[in-house]
Every structure is written in C-alpha cells, then in structure tokens.
Amino acid sequence: MRFEKWLGALRERNFRLYFMGQLTSAVGTGMTPVALSFAVLALPHGSASDVGAVLAAETVPLVIFLLLGGVAGDRLGRRRVMLGADVLRASAQTALGAWILFGHPPLWGFLVLSALVGSGTAFFVPALTGLIPQIVSPERLRQANALNGLSFSIGGIVGPSVAGVIVAVASPGWAILADALSYVVSVASLAALRMGPAPQSTPESFFAQLHRGWSEFWGRTWLWSIVLSASMFNLVTIAPYFVFGAVIAKESLGGATAWGTILAAQGAGAVLGGITMLRVHIKRPLVAGGLSLLVWPFPLLALAYVAPVPVIAIGAFLGGASFAVFDTQWQTTMQREVPAEVLSRVSAYDWFGSLVFLPVGYAIAGPVASVVGIRTVFFAGTAYMCAAVAALMLVPSIRHMRAGTGAAT
C-alpha cells in the first residue's frame with residue numbers, strides 16, 4: 003500500500019522503462035553545465051561572455067525549432083520524434099567530448115555542436131509532455147509527473163557533483179562523453195515501450211496544425227500569462243545565474259568543485275520537492291506553484307554578495323525545491339486542461355514562450371554586467387521575481403484553478 007501511494011506509477015511497465023531511461027539521461031544532462039562552462043573558460047581568453055555565447059548557441063535552435071517539434075510530436079508520434087532527438091543529441095555530445103579529449107576545439111566548435119544538442123531538445127521536450135499521459139493511467143498522472151521531475155532532480159544532484167570531480171581531476175571531455183552515453187540509454191528505454199501505432203498523417207497542413215495549437219494556447223489566460231512571466235524570469239534571473247555562477251565559482255569560490263556542489267544542492271532541493279509532490283495533493287495548483295518561486299531571491303543574493311559556498315548551496319537548495327513544486331503542478335494542470343490531440347503543440351508554445359529570451363539573456367549577461375556590475379544584475383533578477391509572482395496572483399483564472407476541476411479561461 004505504501005509503495006502504491008508513493009511510487010505506484012512505477013508498477014506500470016511503460017512508465018517504468020521510460021523513467022529508467024530518463025533518469026539516466028538526466029544524470030548525463032546534469033553533468034553538462036559544469037563541464038561545458040569550465041571547458042569554455044579553459045579556452046585561450048575564455049570569458050563569461052564566451053560561456054554565455056555557448057549556452058545561447060544551444061538555446062537559440064531550441065527556441066527556433068520548438069513549434070516544429072510540437073507539430074511533429076502530434077503528427078508523427080511522440081516516441082518516434084523523441085528517439086530521433088536523442089540520437090542527434092548523443093551524436094553531437096560524442097563529437098564534442100572526443101574533440102575536447104583529443105584536440106583543441108575552437109569556440110565555433112562548441113557553438114556548432116551545442117546548437118545540434120539544442121535542436122534535438124526542441125523536438126524532444128514537446129513530445130515528452132504529450133507522451134506521459136500515453137504511458138501511465140490517468141489516476142497516476144500527477145504522481146508520474148512528480149517522478150518525472152524527480153528524475154531531473156536526481157540528475158541535478160548526481161550530475162554536477164560527478165562533473166565537478168571529473169573536471170577537477172581529469173577533463174570536461176569525459177563528462178560530456180558520459181552525457182552522450184546517457185542519451186543512448188534513453189534511446190534503448192524508449193525503443194522498448196509498448197505503444198499503439200503512430201497516428202496516421204492528417205490532411206491538415208503544418209500551418210493549420212500550428213494555428214490550432216496557438217488557438218488552444220491563447221484561449222487560456224492562466225497558461226499564456228504564466229508563460230509570459232517565465233520568459234522574463236529566464237531573461238533576467240536564470241541566464242545570469244548560470245553565466246555568472248561558474249565565473250564567480252572560478253574566481254572566488256575554488257573552481258568547478260564549488261559550482262558543482264551548488265548545482266548539486268539545487269538538485270537535492272528539487273528531489274525533496276519532488277518527493278513531497280508524490281504525496282501532497284494541492285487544491286490550487288497554480289497558486290502554490292507560483293508562490294513557491296518566491297524563494298529564488300535567496301540564491302541570487304547569496305551569489306551577488308559572494309557568500310560562502312554552504313550559504314549559496316542552501317539558497318540553491320530552496321530554489322531547486324521551488325522548481326519541483328512548480329513543475330509538477332504546471333505539467334499536471336496543462337495535461338488535464340488541454341485536449342490530448344493538441345498537447346504537444348500547446349507544450350511547444352509553452353516552451354517557446356518560456357525560452358524565447360533565454361539566449362538573449364545568455365548573450366547580454368556579460369556585457370550588461372561589465373557596465374552595471376554583477377551584483378546589480380542579480381538585484382534586478384530579485385526585484386523581477388517578486389513583482390512577477392505578485393502580478394500572477396492577480397489573474398483570476400490562476401487563483402481559481404483547482405486540481406482536476408479546471409478554471410475559467
């Protein structure tokens with residue numbers, strides 16, 4: 003009985019296979035930010051702007067191809083699209099890891115191969131949102147989303163911790179190759195799923211399908227208002243956090259091990275949040291998810307004042323927990339409120355809107371900080387976070403949304 007309440011979704015074969023592959027892939031993905039940042043900083047004259055450029059190189063194609071990925075997932079079959087995406091990402095990471103180990107890739111090499119990874123992710127993530135309701139029973143959907151988030155959270159602990167050690171004692175290339183291997187495991191788990199036949203091709207054109215997705219997205223005020231808020235959050239908060247976190251760690255906190263520890267603490271917080279979401283049923287999911295993000299000023303201010311690593315790690319822990327709470331409530335609400343046949347397309351608009359300014363944030367973080375200072379950039383992120391949450395709480399359809407019952411648009 004206890005297993006059913008906490009981990010019942012894992013009794014279902016398809017979800018269990020998916021979860022094992024996703025967990026492995028999440029560990030590999032968790033290694034990449036640490037490995038990639040320090041590989042770029044090791045370049046001749048490597049700088050925060052170079053780190054931002056490489057992170058942006060992955061995010062730009064992710065944003066560009068998301069809408070195409072959403073249509074592909076609904077049209078061609080979600081598992082098929084995810085398999086192709088993981089093959090592409092495994093190939094790109096294998097090439098980059100080997101290049102770092104056996105050569106000296108220039109900045110453009112990082113940019114090109116990171117762009118290929120981002121292109122694969124653009125097709126993977128909208129299909130993923132639509133796949134989960136297909137591989138788990140409806141009564142276990144919230145639990146499955148919590149477990150899915152938990153896989154990313156565990157990856158966020160193990161990946162950065164291992165990557166920090168690998169970078170310190172060996173080479174970032176080995177960590178990136180480990181990420182490539184994790185995508186191979188994901189391919190194997192997806193291939194083993196027992197799924198019905200892929201949907202037959204529809205007479206609707208690509209643009210007609212895209213328009214249908216937009217109509218479903220724009221017709222829900224709670225959905226587009228949260229996505230709009232998230233787009234600015236990524237621009238002024240998340241982009242500076244990842245660009246300057248590695249720089250501050252290298253210059254003032256002891257290097258890759260410190261940044262790996264901080265990101266691992268963030269992952270640990272996300273694990274706790276995910277475990278909590280396995281059992282806790284929240285009546286107003288969007289209110290709870292939005293309010294949980296109010297803890298993000300803590301890690302931002304800790305970095306701004308270059309606090310000791312344990313203090314920054316505590317802030318990151320709280321931030322990770324808030325992400326887990328928000329993501330579980332958000333994904334479950336969207337999967338329940340959006341028609342299944344357009345879910346990947348609506349998810350693509352969600353991802354597109356949320357990430358559209360992230361590459362801009364990566365690209366401008368270094369230049370802006372050179373003018374106003376890193377601390378001022380973090381202050382701006384803190385102020386925005388507080389104002390955005392307050393604004394979201396004024397939206398009636400966010401306040402009135404109840405778990406499993408819907409809300410006014």
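In terms of this note's numbering, the sequence shown opens at residue 3 and continues consecutively. Virtual Cβ for every residue (Gly too), placed ideally from N, Cα, C.
From the options, residue whose alpha carbon lies closest to that of residue i
{"i": "Gln-268", "options": "Val-289, Val-297, Leu-64, Arg-286", "result": "Val-297"}
{"i": "Gln-136", "options": "Met-197, Val-42, Val-171", "result": "Met-197"}
{"i": "Asn-236", "options": "Gly-30, Ala-382, Ala-392, Ser-207", "result": "Ala-382"}
{"i": "Pro-287", "options": "Ala-309, Leu-90, Ser-139, Trp-332", "result": "Trp-332"}
{"i": "Ala-270", "options": "Gly-321, Tyr-386, Ser-356, Gly-363", "result": "Gly-321"}
{"i": "Thr-131", "options": "Ser-346, Met-387, Ala-389", "result": "Ser-346"}
{"i": "Ala-393", "options": "Leu-230, Ile-264, Phe-359", "result": "Leu-230"}
{"i": "Arg-13", "options": "Ala-309, Ser-139, Ala-326, Pro-361", "result": "Ser-139"}
{"i": "Trp-110", "options": "Phe-104, Leu-103, Leu-98, Ser-121", "result": "Leu-98"}
{"i": "Arg-222", "options": "Arg-142, Arg-338, Gly-276, Thr-378", "result": "Arg-338"}
{"i": "Arg-18", "options": "Ser-227, Ser-191, Leu-255, Thr-330", "result": "Ser-191"}
{"i": "Ser-294", "options": "Ile-284, Val-344, Leu-265, Phe-325", "result": "Phe-325"}
{"i": "Leu-303", "options": "Ile-316, Gly-292, Gly-291", "result": "Ile-316"}
{"i": "Phe-209", "options": "Ile-376, Gly-72, Met-387", "result": "Gly-72"}
{"i": "Gln-145", "options": "Ser-188, Pro-310, Ile-284, Leu-305", "result": "Ile-284"}
Exposure label - residue i; buried when at least 16 CB within 10 Å
{"i": "Leu-396", "result": "exposed"}
{"i": "Met-403", "result": "buried"}
{"i": "Leu-307", "result": "Residue 307 is actually Tyr in this sequence, not Leu. Under this definition Tyr-307 is an exposed residue."}
{"i": "Pro-174", "result": "buried"}
{"i": "Leu-374", "result": "Leu is not the amino acid found at residue 374; the sequence shown has Val there. Exposed, by the Cβ-count rule."}
{"i": "Val-327", "result": "buried"}
{"i": "Gly-10", "result": "buried"}
{"i": "Ser-203", "result": "Reliability of the predicted coordinates at Ser-203 is poor, the pLDDT of 48 falling under 50, and the value obtained from them is presented with this limitation in mind. Flag for Ser-203 reads exposed."}
{"i": "Ala-172", "result": "exposed"}
Residue i and residue j closer than 7 Å at C-beta
{"i": "Pro-301", "j": "Ala-318", "result": "yes"}
{"i": "Ala-2", "j": "Gly-161", "result": "In this structure the chain extends from 3 to 411, so residue 2 is not present and cannot be described."}
{"i": "Val-65", "j": "Val-358", "result": "yes"}
{"i": "Ala-399", "j": "Ser-233", "result": "For the record, residue 399 in the displayed sequence is Ser; it is not Ala. No, the Cβ-Cβ distance between Ser-399 and Ser-233 is not below 7 Å."}
{"i": "Gly-122", "j": "Arg-91", "result": "yes"}
{"i": "Val-379", "j": "Ala-371", "result": "yes"}
{"i": "Arg-155", "j": "Gly-276", "result": "Reading off the sequence, residue 155 comes out as Ser, not Arg. Yes."}
{"i": "Asn-16", "j": "Leu-133", "result": "no"}
**OP:** Would you list, in sequence order, the uninterrupted alpha helix (DSSP H) runs of no fewer than 4 residues that lie entirely inside the region 40–110?
**Re:** The region 40–110 contains these whole alpha helix (DSSP H) runs: 50–78, 80–104.
Subject >> Those runs of the alpha helix (DSSP H) which lie wholly inside the region 321–393 and span at least 4 residues >> reply: 345–357, 360–374
Subject >> the region 207–224 contacting the region 277–284, beta-carbon criterion three pairs below 8 Å >> reply: No, they do not touch.
Subject >> Secondary structure, alpha helix (DSSP H): runs of 4+ residues fully inside the region 196–246 >> reply: 208–220, 223–235
Subject >> Any 3 or more C-beta pairs closer than 8 Å across the region 141–160 and the region 49–69 >> reply: no
Original post:
With a cut-off of 8 Å, do at least 3 Cβ pairs link the region 160–178 to the region 33–41?
Top reply: yes
Original post:
Can you find at least 3 beta carbon pairs, one from the region 112–130 and one from the region 163–170, that sit closer than 8 Å?
Top reply: no
Subject >> the region 377–394 touching the region 249–269, judged by at least three CB pairs closer than 8 Å >> reply: no
**OP:** Taking 8 Å as the threshold, find out whether the region 240–247 comes into contact with the region 360–371 through three or more Cβ pairs.
**Re:** yes
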